[in-house]
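If you read the sequence shown in full-length UniProt numbering, its first letter stands for residue 1, the second for the next number, and so on.
Written out below as C-alpha coordinates is the structure these notes cover.
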Amino acid sequence: MTSRAAPEAVKVKRRSGSVGQKQTADIEELTSSGNKALQEGRPQEALRYFRDALKAAEQLQDSRVLRACSFNLGAAYVEVGRPRKGLDFLRHAQPGPKADRLPDLQFNLALAHDALGQSREAATYFLQAAQLYRSQGDGCSEGDACVEMSRCYSRTRDWALAAQGYLRAAESYRVANMLDYAATALSEAGSHMTQSDQCNQEDIIGVLSECLSLMGSITDPRTLGELYLSVGVSYCRLRSFQEAVQCFQKALSPAAKWPPLLPKVYHNLGAALNSMGQFRSAVDYHRLAAGLYGSQGCRGDQARCFSNLAFAFSRIGEEEEAAESLILALQGFRDTGDYLAQAQVCEVLAECYLVQRKQHKAVQLYKQALSALSHCQDSGGIQDQLVERLTATLQQSLTIGPQ
(Lines of atoms letter the chains of each structure in order from A; the text may use other names.)
(Lines give C-alpha, C1' and ligand atoms only; values in the text may rest on other atoms or scores of the structure.)
Protein backbone atom coordinates (compact mmCIF):
# COMPACT_ATOMS: atom_id res chain seq x y z
CA MET A 1 0.00 0.00 0.00
CA THR A 2 1.38 3.38 -1.05
CA SER A 3 1.73 6.28 1.37
CA ARG A 4 -0.81 9.04 0.98
CA ALA A 5 0.42 12.59 0.59
CA ALA A 6 -1.80 15.66 0.47
CA PRO A 7 -4.35 15.19 -2.33
CA GLU A 8 -3.58 18.61 -3.79
CA ALA A 9 -0.67 20.99 -3.80
CA VAL A 10 -0.43 23.06 -0.63
CA LYS A 11 -2.31 26.33 -0.97
CA VAL A 12 -0.37 29.16 0.62
CA LYS A 13 -1.90 32.47 1.57
CA ARG A 14 -0.33 35.17 -0.62
CA ARG A 15 1.81 37.66 1.25
CA SER A 16 2.78 41.16 0.19
CA GLY A 17 6.28 41.71 -1.10
CA SER A 18 8.20 40.02 -3.85
CA VAL A 19 10.14 37.74 -1.45
CA GLY A 20 6.98 36.35 0.18
CA GLN A 21 5.30 35.80 -3.15
CA LYS A 22 8.33 33.91 -4.48
CA GLN A 23 8.42 31.67 -1.40
CA THR A 24 4.73 30.79 -1.66
CA ALA A 25 5.04 30.07 -5.37
CA ASP A 26 8.07 27.87 -4.72
CA ILE A 27 6.28 25.87 -2.01
CA GLU A 28 3.24 25.29 -4.20
CA GLU A 29 5.35 24.22 -7.17
CA LEU A 30 7.58 21.92 -5.09
CA THR A 31 4.59 20.32 -3.38
CA SER A 32 2.78 19.81 -6.68
CA SER A 33 5.89 18.22 -8.19
CA GLY A 34 6.32 16.01 -5.12
CA ASN A 35 2.73 14.78 -5.26
CA LYS A 36 3.09 14.00 -8.96
CA ALA A 37 6.33 12.09 -8.39
CA LEU A 38 4.74 10.08 -5.57
CA GLN A 39 1.70 9.20 -7.69
CA GLU A 40 3.95 8.13 -10.57
CA GLY A 41 6.03 5.82 -8.39
CA ARG A 42 9.11 8.02 -8.01
CA PRO A 43 9.33 8.26 -4.20
CA GLN A 44 12.99 9.29 -3.99
CA GLU A 45 12.30 12.23 -6.28
CA ALA A 46 9.19 13.10 -4.27
CA LEU A 47 11.30 13.07 -1.13
CA ARG A 48 13.61 15.71 -2.54
CA TYR A 49 10.71 17.96 -3.58
CA PHE A 50 8.97 17.68 -0.20
CA ARG A 51 12.22 18.29 1.69
CA ASP A 52 12.82 21.49 -0.29
CA ALA A 53 9.20 22.54 0.26
CA LEU A 54 9.56 22.12 4.02
CA LYS A 55 12.75 24.21 4.04
CA ALA A 56 10.92 26.97 2.21
CA ALA A 57 7.92 26.69 4.55
CA GLU A 58 10.14 27.14 7.62
CA GLN A 59 10.88 30.67 6.40
CA LEU A 60 7.17 31.58 6.47
CA GLN A 61 5.17 32.37 9.60
CA ASP A 62 2.33 30.04 8.61
CA SER A 63 1.92 26.99 10.86
CA ARG A 64 -0.71 25.43 8.57
CA VAL A 65 1.68 25.35 5.62
CA LEU A 66 4.48 24.03 7.81
CA ARG A 67 2.27 21.18 9.08
CA ALA A 68 1.14 20.30 5.54
CA CYS A 69 4.74 20.18 4.30
CA SER A 70 5.76 18.06 7.30
CA PHE A 71 2.93 15.67 6.48
CA ASN A 72 4.03 15.27 2.87
CA LEU A 73 7.66 14.75 3.82
CA GLY A 74 6.71 12.19 6.47
CA ALA A 75 4.58 10.25 3.96
CA ALA A 76 7.44 10.26 1.47
CA TYR A 77 9.90 8.94 4.07
CA VAL A 78 7.52 6.07 4.81
CA GLU A 79 7.27 5.36 1.09
CA VAL A 80 11.06 5.10 0.63
CA GLY A 81 11.41 2.68 3.55
CA ARG A 82 12.42 5.06 6.33
CA PRO A 83 9.35 4.79 8.58
CA ARG A 84 10.97 5.95 11.81
CA LYS A 85 12.04 9.25 10.28
CA GLY A 86 8.67 9.51 8.54
CA LEU A 87 6.89 9.01 11.85
CA ASP A 88 8.75 11.98 13.36
CA PHE A 89 7.53 14.32 10.60
CA LEU A 90 3.99 12.91 10.64
CA ARG A 91 3.69 13.60 14.37
CA HIS A 92 4.57 17.23 13.71
CA ALA A 93 2.07 17.47 10.89
CA GLN A 94 -1.00 18.25 13.02
CA PRO A 95 -0.53 18.62 16.76
CA GLY A 96 -3.53 18.62 19.07
CA PRO A 97 -6.99 17.01 18.84
CA LYS A 98 -7.50 17.91 15.16
CA ALA A 99 -5.00 15.20 14.22
CA ASP A 100 -7.66 12.62 15.04
CA ARG A 101 -9.91 14.03 12.31
CA LEU A 102 -7.47 13.72 9.39
CA PRO A 103 -7.87 10.30 7.70
CA ASP A 104 -4.80 10.54 5.47
CA LEU A 105 -2.65 11.39 8.50
CA GLN A 106 -4.02 8.40 10.42
CA PHE A 107 -3.41 6.19 7.37
CA ASN A 108 0.22 7.24 7.05
CA LEU A 109 0.81 6.90 10.79
CA ALA A 110 -0.51 3.35 10.43
CA LEU A 111 1.83 2.63 7.51
CA ALA A 112 4.80 3.88 9.52
CA HIS A 113 3.97 1.72 12.56
CA ASP A 114 3.34 -1.28 10.29
CA ALA A 115 6.73 -0.84 8.60
CA LEU A 116 8.32 -0.78 12.07
CA GLY A 117 6.73 -4.15 12.86
CA GLN A 118 4.20 -2.62 15.26
CA SER A 119 1.17 -4.40 13.80
CA ARG A 120 -1.29 -3.78 16.65
CA GLU A 121 -0.56 -0.05 16.78
CA ALA A 122 -0.87 0.09 13.00
CA ALA A 123 -4.24 -1.69 13.09
CA THR A 124 -5.56 0.92 15.52
CA TYR A 125 -4.56 3.77 13.22
CA PHE A 126 -5.96 2.01 10.14
CA LEU A 127 -9.30 1.60 11.95
CA GLN A 128 -9.35 5.32 12.81
CA ALA A 129 -8.59 6.14 9.19
CA ALA A 130 -11.38 3.84 7.98
CA GLN A 131 -13.91 5.48 10.29
CA LEU A 132 -12.90 8.93 9.10
CA TYR A 133 -13.04 7.93 5.44
CA ARG A 134 -16.55 6.56 6.02
CA SER A 135 -17.66 9.84 7.60
CA GLN A 136 -16.48 11.56 4.40
CA GLY A 137 -18.32 9.06 2.16
CA ASP A 138 -15.06 7.75 0.68
CA GLY A 139 -15.83 4.05 0.32
CA CYS A 140 -12.72 3.27 -1.72
CA SER A 141 -10.31 4.68 0.86
CA GLU A 142 -12.29 3.12 3.70
CA GLY A 143 -11.96 -0.25 2.00
CA ASP A 144 -8.21 0.24 1.52
CA ALA A 145 -7.76 1.08 5.20
CA CYS A 146 -9.78 -1.97 6.28
CA VAL A 147 -7.72 -4.25 4.03
CA GLU A 148 -4.48 -2.92 5.53
CA MET A 149 -5.92 -3.31 9.04
CA SER A 150 -6.82 -6.92 8.27
CA ARG A 151 -3.30 -7.62 7.04
CA CYS A 152 -1.98 -6.37 10.37
CA TYR A 153 -4.32 -8.73 12.25
CA SER A 154 -3.28 -11.55 9.95
CA ARG A 155 0.36 -11.00 10.86
CA THR A 156 -0.56 -11.30 14.56
CA ARG A 157 -2.67 -14.39 13.75
CA ASP A 158 -5.90 -12.73 14.93
CA TRP A 159 -7.88 -14.53 12.25
CA ALA A 160 -11.36 -13.48 13.41
CA LEU A 161 -10.45 -9.77 13.55
CA ALA A 162 -8.78 -10.03 10.15
CA ALA A 163 -11.93 -11.61 8.71
CA GLN A 164 -14.11 -8.85 10.19
CA GLY A 165 -11.87 -6.23 8.61
CA TYR A 166 -12.11 -7.87 5.19
CA LEU A 167 -15.90 -8.09 5.48
CA ARG A 168 -16.05 -4.38 6.24
CA ALA A 169 -13.72 -3.70 3.31
CA ALA A 170 -16.04 -5.67 1.03
CA GLU A 171 -18.99 -3.61 2.18
CA SER A 172 -17.10 -0.36 1.56
CA TYR A 173 -16.00 -1.43 -1.92
CA ARG A 174 -19.54 -2.43 -2.84
CA VAL A 175 -20.76 1.02 -1.83
CA ALA A 176 -18.07 2.46 -4.10
CA ASN A 177 -19.21 0.07 -6.88
CA MET A 178 -15.79 -1.59 -6.95
CA LEU A 179 -17.11 -5.14 -7.26
CA ASP A 180 -13.79 -6.78 -8.14
CA TYR A 181 -12.24 -5.35 -4.98
CA ALA A 182 -15.30 -6.40 -2.99
CA ALA A 183 -15.04 -9.97 -4.29
CA THR A 184 -11.34 -10.10 -3.42
CA ALA A 185 -12.05 -8.86 0.11
CA LEU A 186 -14.76 -11.50 0.53
CA SER A 187 -12.42 -14.26 -0.62
CA GLU A 188 -9.85 -13.09 1.93
CA ALA A 189 -12.53 -12.96 4.62
CA GLY A 190 -13.55 -16.53 3.85
CA SER A 191 -9.94 -17.70 3.90
CA HIS A 192 -9.31 -16.15 7.31
CA MET A 193 -12.60 -17.46 8.68
CA THR A 194 -11.52 -21.01 7.87
CA GLN A 195 -8.48 -20.48 10.12
CA SER A 196 -10.49 -19.12 13.05
CA ASP A 197 -12.22 -21.28 15.65
CA GLN A 198 -14.78 -18.50 16.15
CA CYS A 199 -16.47 -18.97 12.76
CA ASN A 200 -18.91 -21.74 11.89
CA GLN A 201 -19.07 -23.49 8.55
CA GLU A 202 -22.45 -22.07 7.60
CA ASP A 203 -21.21 -18.48 7.95
CA ILE A 204 -18.07 -19.25 5.97
CA ILE A 205 -20.03 -20.85 3.13
CA GLY A 206 -22.28 -17.78 3.09
CA VAL A 207 -19.29 -15.49 2.60
CA LEU A 208 -17.80 -17.71 -0.12
CA SER A 209 -21.16 -17.85 -1.91
CA GLU A 210 -21.44 -14.07 -1.78
CA CYS A 211 -17.96 -13.82 -3.28
CA LEU A 212 -18.90 -16.15 -6.13
CA SER A 213 -22.04 -14.12 -6.80
CA LEU A 214 -19.93 -11.02 -7.54
CA MET A 215 -17.54 -12.73 -9.91
CA GLY A 216 -19.85 -12.61 -12.93
CA SER A 217 -19.01 -8.92 -13.33
CA ILE A 218 -15.23 -9.47 -13.33
CA THR A 219 -13.50 -9.67 -16.72
CA ASP A 220 -9.80 -9.52 -15.82
CA PRO A 221 -8.54 -13.12 -16.20
CA ARG A 222 -5.88 -12.86 -13.52
CA THR A 223 -8.30 -11.53 -10.91
CA LEU A 224 -10.96 -14.06 -11.88
CA GLY A 225 -8.55 -17.00 -11.80
CA GLU A 226 -7.06 -15.99 -8.46
CA LEU A 227 -10.51 -15.59 -6.92
CA TYR A 228 -11.75 -19.01 -8.06
CA LEU A 229 -8.50 -20.52 -6.79
CA SER A 230 -8.77 -18.80 -3.40
CA VAL A 231 -12.41 -19.77 -2.89
CA GLY A 232 -11.62 -23.34 -3.95
CA VAL A 233 -8.83 -23.58 -1.37
CA SER A 234 -11.24 -22.35 1.32
CA TYR A 235 -13.75 -25.03 0.33
CA CYS A 236 -10.95 -27.61 0.63
CA ARG A 237 -10.28 -26.45 4.19
CA LEU A 238 -13.96 -27.02 4.91
CA ARG A 239 -13.62 -30.47 3.30
CA SER A 240 -16.25 -29.46 0.75
CA PHE A 241 -14.26 -31.02 -2.05
CA GLN A 242 -17.03 -31.13 -4.66
CA GLU A 243 -17.47 -27.35 -4.43
CA ALA A 244 -13.70 -26.93 -4.45
CA VAL A 245 -13.33 -28.95 -7.65
CA GLN A 246 -16.02 -26.83 -9.31
CA CYS A 247 -14.13 -23.64 -8.40
CA PHE A 248 -10.81 -25.01 -9.64
CA GLN A 249 -12.40 -26.11 -12.91
CA LYS A 250 -13.85 -22.62 -13.40
CA ALA A 251 -10.37 -21.20 -12.74
CA LEU A 252 -8.84 -23.16 -15.63
CA SER A 253 -10.01 -20.90 -18.44
CA PRO A 254 -8.91 -17.54 -16.96
CA ALA A 255 -5.70 -19.10 -15.62
CA ALA A 256 -4.80 -20.23 -19.15
CA LYS A 257 -4.65 -16.51 -20.01
CA TRP A 258 -2.35 -15.85 -17.05
CA PRO A 259 0.34 -18.59 -17.22
CA PRO A 260 1.93 -18.11 -13.75
CA LEU A 261 -1.41 -19.06 -12.19
CA LEU A 262 -2.09 -22.22 -14.20
CA PRO A 263 0.17 -24.69 -12.31
CA LYS A 264 -1.40 -23.63 -9.00
CA VAL A 265 -4.84 -24.40 -10.40
CA TYR A 266 -3.71 -27.80 -11.72
CA HIS A 267 -1.98 -28.54 -8.42
CA ASN A 268 -5.02 -27.79 -6.27
CA LEU A 269 -7.45 -29.47 -8.66
CA GLY A 270 -5.38 -32.65 -8.55
CA ALA A 271 -5.20 -32.54 -4.74
CA ALA A 272 -8.97 -32.04 -4.45
CA LEU A 273 -9.62 -34.97 -6.80
CA ASN A 274 -7.28 -37.06 -4.65
CA SER A 275 -9.41 -36.18 -1.62
CA MET A 276 -12.55 -37.25 -3.50
CA GLY A 277 -10.99 -40.58 -4.44
CA GLN A 278 -10.89 -39.76 -8.16
CA PHE A 279 -7.25 -40.79 -8.48
CA ARG A 280 -7.08 -41.55 -12.21
CA SER A 281 -8.43 -38.10 -13.06
CA ALA A 282 -6.05 -36.55 -10.53
CA VAL A 283 -2.97 -38.13 -12.14
CA ASP A 284 -3.26 -36.00 -15.27
CA TYR A 285 -3.48 -32.74 -13.31
CA HIS A 286 -0.55 -33.67 -11.07
CA ARG A 287 1.57 -34.32 -14.14
CA LEU A 288 0.55 -31.05 -15.78
CA ALA A 289 1.26 -29.08 -12.60
CA ALA A 290 4.65 -30.74 -12.09
CA GLY A 291 5.68 -29.97 -15.66
CA LEU A 292 4.70 -26.30 -15.43
CA TYR A 293 6.31 -25.83 -12.03
CA GLY A 294 9.48 -27.35 -13.45
CA SER A 295 9.52 -24.92 -16.36
CA GLN A 296 9.10 -22.05 -13.89
CA GLY A 297 11.90 -23.30 -11.66
CA CYS A 298 9.59 -23.87 -8.68
CA ARG A 299 11.27 -27.02 -7.36
CA GLY A 300 9.48 -27.10 -4.01
CA ASP A 301 6.03 -26.88 -5.57
CA GLN A 302 7.05 -29.40 -8.21
CA ALA A 303 8.17 -31.81 -5.50
CA ARG A 304 4.81 -31.50 -3.74
CA CYS A 305 3.09 -32.33 -7.04
CA PHE A 306 5.21 -35.46 -7.38
CA SER A 307 4.22 -36.43 -3.82
CA ASN A 308 0.54 -36.05 -4.71
CA LEU A 309 1.11 -37.97 -7.92
CA ALA A 310 2.74 -40.81 -5.99
CA PHE A 311 -0.25 -40.97 -3.64
CA ALA A 312 -2.65 -41.21 -6.59
CA PHE A 313 -0.56 -43.94 -8.24
CA SER A 314 -0.38 -45.94 -5.02
CA ARG A 315 -4.16 -45.84 -4.60
CA ILE A 316 -4.75 -47.26 -8.06
CA GLY A 317 -2.18 -50.00 -7.50
CA GLU A 318 0.64 -48.70 -9.67
CA GLU A 319 3.40 -49.09 -7.09
CA GLU A 320 6.35 -48.73 -9.46
CA GLU A 321 4.98 -45.45 -10.83
CA ALA A 322 4.40 -44.32 -7.25
CA ALA A 323 8.01 -45.12 -6.30
CA GLU A 324 9.38 -43.24 -9.32
CA SER A 325 7.28 -40.19 -8.43
CA LEU A 326 8.51 -40.30 -4.84
CA ILE A 327 12.13 -40.41 -6.02
CA LEU A 328 11.48 -37.26 -8.07
CA ALA A 329 9.79 -35.63 -5.08
CA LEU A 330 12.72 -36.53 -2.83
CA GLN A 331 15.21 -34.94 -5.22
CA GLY A 332 13.13 -31.78 -5.38
CA PHE A 333 12.98 -31.46 -1.58
CA ARG A 334 16.73 -32.04 -1.41
CA ASP A 335 17.27 -29.25 -3.91
CA THR A 336 15.24 -26.86 -1.75
CA GLY A 337 16.67 -28.00 1.59
CA ASP A 338 13.29 -29.07 3.01
CA TYR A 339 14.47 -31.70 5.51
CA LEU A 340 11.10 -32.48 7.06
CA ALA A 341 9.58 -33.14 3.63
CA GLN A 342 12.60 -35.31 2.77
CA ALA A 343 12.01 -37.43 5.87
CA GLN A 344 8.32 -37.82 5.08
CA VAL A 345 8.97 -38.84 1.47
CA CYS A 346 11.68 -41.28 2.52
CA GLU A 347 9.25 -42.92 4.93
CA VAL A 348 6.54 -43.29 2.27
CA LEU A 349 9.06 -44.53 -0.30
CA ALA A 350 10.32 -47.10 2.18
CA GLU A 351 6.76 -48.38 2.58
CA CYS A 352 6.48 -48.65 -1.22
CA TYR A 353 9.62 -50.79 -1.30
CA LEU A 354 8.28 -52.98 1.49
CA VAL A 355 5.17 -53.68 -0.61
CA GLN A 356 7.55 -54.69 -3.42
CA ARG A 357 9.45 -56.90 -0.90
CA LYS A 358 12.59 -54.78 -1.32
CA GLN A 359 13.55 -54.67 2.37
CA HIS A 360 17.15 -53.61 1.69
CA LYS A 361 16.04 -50.43 -0.11
CA ALA A 362 13.47 -49.76 2.62
CA VAL A 363 16.22 -49.92 5.25
CA GLN A 364 18.27 -47.37 3.31
CA LEU A 365 15.28 -45.03 3.05
CA TYR A 366 14.50 -45.23 6.77
CA LYS A 367 18.14 -44.36 7.51
CA GLN A 368 17.94 -41.40 5.09
CA ALA A 369 14.75 -40.24 6.79
CA LEU A 370 16.45 -40.30 10.20
CA SER A 371 19.42 -38.39 8.77
CA ALA A 372 17.10 -35.70 7.36
CA LEU A 373 15.25 -35.45 10.68
CA SER A 374 18.53 -34.71 12.46
CA HIS A 375 18.37 -31.27 10.83
CA CYS A 376 14.85 -30.61 12.17
CA GLN A 377 13.71 -29.37 15.56
CA ASP A 378 11.01 -31.09 17.64
CA SER A 379 11.07 -34.32 15.63
CA GLY A 380 11.13 -36.70 18.59
CA GLY A 381 7.79 -38.41 17.92
CA ILE A 382 8.49 -38.95 14.24
CA GLN A 383 12.02 -40.07 14.98
CA ASP A 384 10.87 -42.74 17.47
CA GLN A 385 8.38 -44.05 14.92
CA LEU A 386 11.03 -44.28 12.22
CA VAL A 387 13.43 -46.09 14.56
CA GLU A 388 10.74 -48.65 15.30
CA ARG A 389 10.05 -49.24 11.62
CA LEU A 390 13.75 -49.42 10.78
CA THR A 391 14.26 -52.01 13.52
CA ALA A 392 11.30 -54.07 12.33
CA THR A 393 12.50 -53.94 8.72
CA LEU A 394 16.03 -55.00 9.70
CA GLN A 395 14.64 -57.96 11.60
CA GLN A 396 12.48 -58.86 8.62
CA SER A 397 15.52 -58.64 6.33
CA LEU A 398 17.40 -61.10 8.51
CA THR A 399 14.47 -63.52 8.39
CA ILE A 400 14.11 -63.32 4.62
CA GLY A 401 17.81 -63.41 3.93
CA PRO A 402 19.91 -61.68 1.22
CA GLN A 403 17.95 -59.99 -1.61
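We treat Cβ as the ideally placed atom computed from N, Cα and C, and that holds for glycine.
On a predicted model such as this, the values are computed, not experimentally measured, just so you know.
Using only the alpha-carbon positions, how far apart do Q246 and G81 sit? When rounded, the separation of the alpha-carbon atoms in Q246 and G81 is 42 Å.
With the cut-off set at 9 Å, would you say P83 and A112 are in Cβ contact? Yes, the Cβ-Cβ distance between P83 and A112 is below 9 Å.
Below 8 Å on the Cβ atoms is my contact criterion, and I expect A162 with S154 to pass it. Report the Cβ-Cβ distance as a whole number of Å. Indeed they touch by this definition, with Cβ atoms about 4 Å apart.
Using the three-state DSSP reduction, which class does N200 fall into: helix, strand or coil? Looking at N200 - three-state DSSP - the assignment turns out to be coil, as it is neither helix nor strand.
Taking just the CA atoms, how far does A110 sit from F279? Rounded to whole angstroms, F279 to A110 spans 48 Å at the Cα level.
Minimum C-alpha distance to A75 - residue among R51, Q61, G232: Per the Cα distances, R51.
Under 6 Å Cβ to Cβ from residue 404, same chain only, skipping five residues before and after it: list those, please. The structure shown has nothing for residue 404, since the chain only spans 1 to 403.
What residue range is occupied by the uninterrupted alpha helix (DSSP H) comprising A68? Under the DSSP assignment, A68 falls in the alpha helix (DSSP H) whose first and last residues are 63-79.
For G139, which option in N177, E320, Q359, G332 has the closest C-alpha, if you only look at C-alpha atoms? Of the listed residues, the one whose Cα sits closest to G139 is N177.
Between L394 and K358, what straight-line distance do the alpha-carbon atoms span, to the nearest angstrom? Rounded to whole angstroms, L394 to K358 spans 12 Å at the Cα level.
For L390 and K361, which I take to be in contact (beta-carbon distance under 8 Å), what is that distance rounded to the nearest angstrom? 13 Å between Cβ atoms; not a contact.
Which class does K367 belong to by DSSP, given the choice of helix, strand or coil? In this structure, K367 counts as helix in the three-state DSSP scheme.
Apart from the five residues just before and just after A145, which ones in its own chain have a Cβ nearer than 7 Å to its Cβ? Answer for A145: F107, F126, A129, A130, Y133, listed in chain order.
Would DSSP call K11 helix, strand or coil? Low confidence applies here, because K11 scores a pLDDT of 35, under 50, leaving its location unreliable; read the following figure in that light. Annotated three-state conformation of K11 is coil, per DSSP.
Just reading off the alpha helix (DSSP H) that M193 is part of, what are its end residues? It spans 179-193 - the alpha helix (DSSP H) in which M193 sits, taken as one unbroken run.
Residue closest to I327, alpha-carbon to alpha-carbon, out of T336, R315, A303, G225: Closest by alpha carbon: A303.
In whole angstroms, what is the alpha-carbon distance linking E320 and L365? Straight through space, the alpha carbons of L365 and E320 are spaced by roughly 16 Å.
Please return the same chain residues whose Cβ sits closer than 6 Å to the Cβ of L288, not counting the five positions on each side in sequence. Take L288, set aside five residues on each side of it, and the residues of its chain with a beta-carbon closer than 6 Å to its own are Y266, in chain order.
Is D301 helix, strand or coil when you go by DSSP? Helix, per DSSP.
For Q39 and A25, the rounded distance between their alpha carbons: It is roughly 21 Å from the alpha-carbon of A25 to the alpha-carbon of Q39.
Beta-carbon spacing of L30, A56 below 9 Å: Their beta carbons are under 9 Å apart, which means L30 touches A56 by this criterion.
Taking the alpha-carbon of P103 as reference, which of R120, S141, Y77 has the nearest alpha-carbon? In terms of Cα proximity to P103, the closest of R120, S141, Y77 is S141.
Helix, strand or coil for C376? Go by DSSP, reduced to three states. C376 falls in the coil class under three-state DSSP.
Residue from F306, A189, I218 whose Cα sits closest to the Cα of I205: The residue with the shortest Cα to Cα distance from I205 is A189.
Among P263, C346, R151, nearest to A115 - alpha-carbon criterion: For A115, the nearest C-alpha among the options comes from R151.
Per-residue DSSP class, three states only, for E347: Reduced to three states, the DSSP call for E347 is helix.
Please determine, among P221, D284, N274, L227, the residue with the shortest C-alpha to C-alpha distance to W258. The shortest Cα separation from W258 among P221, D284, N274, L227 belongs to P221.
Can you look up G240 in the DSSP assignment and give me helix, strand or coil? Checking the sequence, you will find Ser at residue 240 rather than Gly. Three-state result, S240: coil.
Do V283 and A312 have their CB atoms nearer than 9 Å? Going by C-beta atoms, V283 is nearer than 9 Å to A312.
Near K11, which residues of its chain fall below 6 Å by C-beta distance, leaving aside the five closest residues on each side in sequence? Here K11 scores only 35 on pLDDT, less than 50, and its place in the model should not be relied on; the value that follows carries that caveat. So no residue of the chain qualifies.
Going by other Cβ atoms of all chains shown within 10 Å of its Cβ, with 16 needed for buried, is R157 buried or exposed? Taking a 10 Å sphere around the C-beta of R157, we find fewer than 16 other C-beta atoms and assign the residue as exposed.
Where A341 and F333 are concerned, what is the direct C-alpha to C-alpha distance, given to the nearest angstrom? Straight through space, the alpha carbons of F333 and A341 are spaced by roughly 6 Å.
Please state whether the Cβ-Cβ distance between N268 and V233 is less than 9 Å. The answer is yes: Cβ separation under 9 Å.
R389, DSSP secondary structure in three states: For R389, the secondary structure class from DSSP, reduced to helix, strand or coil, is helix.
Between M178 and chain B, is there a C-beta pair that is closer than 9 Å? Looking at the structure shown, chain B is missing, and only one protein chain is on hand.
Counting only the same chain and skipping the five closest in sequence on each side, list residues whose C-beta sits under 7 Å from that of residue 416. The requested residue 416 is not part of the displayed model; the chain covers only 1 to 403.
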